[in-house]
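Read through the structure below, which is laid out as structure tokens, and then see the notes.
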Amino acid sequence: MLDGEVEVDESYFGGQRKGKRGRGAAGKVAVFGLLKRNGKVYTVAVPNTQTATLLPIIREQVKPDSIVYTDCYKSYDVLDVSEFSHFRINHSTHFAER
């Protein structure tokens, strides 16, 4: 399990963009990743990036009371009231805000 400071993010790989916009262009695979700062990495292909998919992975891979950093994606909103200390990284301002 990961503990301490853990960064969490999702991305899409494969396929061709062909003018698609928004999250998850057709033909791409969603990959969810967790990184312990200065430590191990855990990645897994996921069927989607909804809260119901991502939260069980976070709970399985990250120890309670760890600090979890995410971007502002809505699927991470539930972490605000979870067993983790949750900080959001606002990519437009480049600093952590709670």
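Heads up, the sequence shown is in full-length UniProt numbering, so the first residue is 1 and it goes up one at a time.
By construction, the Cβ of each residue, glycine as well, lies at the ideal position given by its N, Cα and C atoms.
Fair warning: this is a prediction, and the values are worked out from it, not measured in the lab.
Cβ-Cβ distance between residue i and residue j below 9 Å
i, j, result
"HIS91", "ASP77", "no"
"GLU7", "VAL46", "no"
"LYS28", "GLY39", "no"
"THR51", "SER66", "no"
Three-state secondary structure assigned by DSSP to residue i
i, result
"GLY24", "Low local confidence applies: a pLDDT of 48 at GLY24 is under 50, so the model's placement there is unreliable, with the coordinate-based value given in what follows. If DSSP states are grouped into helix, strand and coil, GLY24 belongs with coil."
"ARG59", "helix"
Own chain, CB closer than 7 Å to residue i, minus 5 neighbours either side, in chain order
i, result
"LEU79", "VAL68, THR70 and HIS86"
"ILE57", "PHE32 and VAL44"
Residues near residue i by beta carbon distance below 6 Å, same chain, minus five either side
i, result
"ARG37", "GLU5"
"VAL44", "PHE32"
C-alpha distance - residue i paired with residue j, whole-angstrom precision
i, j, result
"SER82", "ARG59", "10 Å"
"THR53", "GLN61", "13 Å"
"ILE89", "LEU34", "15 Å"
8 Å CB neighbourhood of residue i in its chain, flanking five on each side removed
i, result
"VAL41", "GLY33, LEU34 and LEU35"
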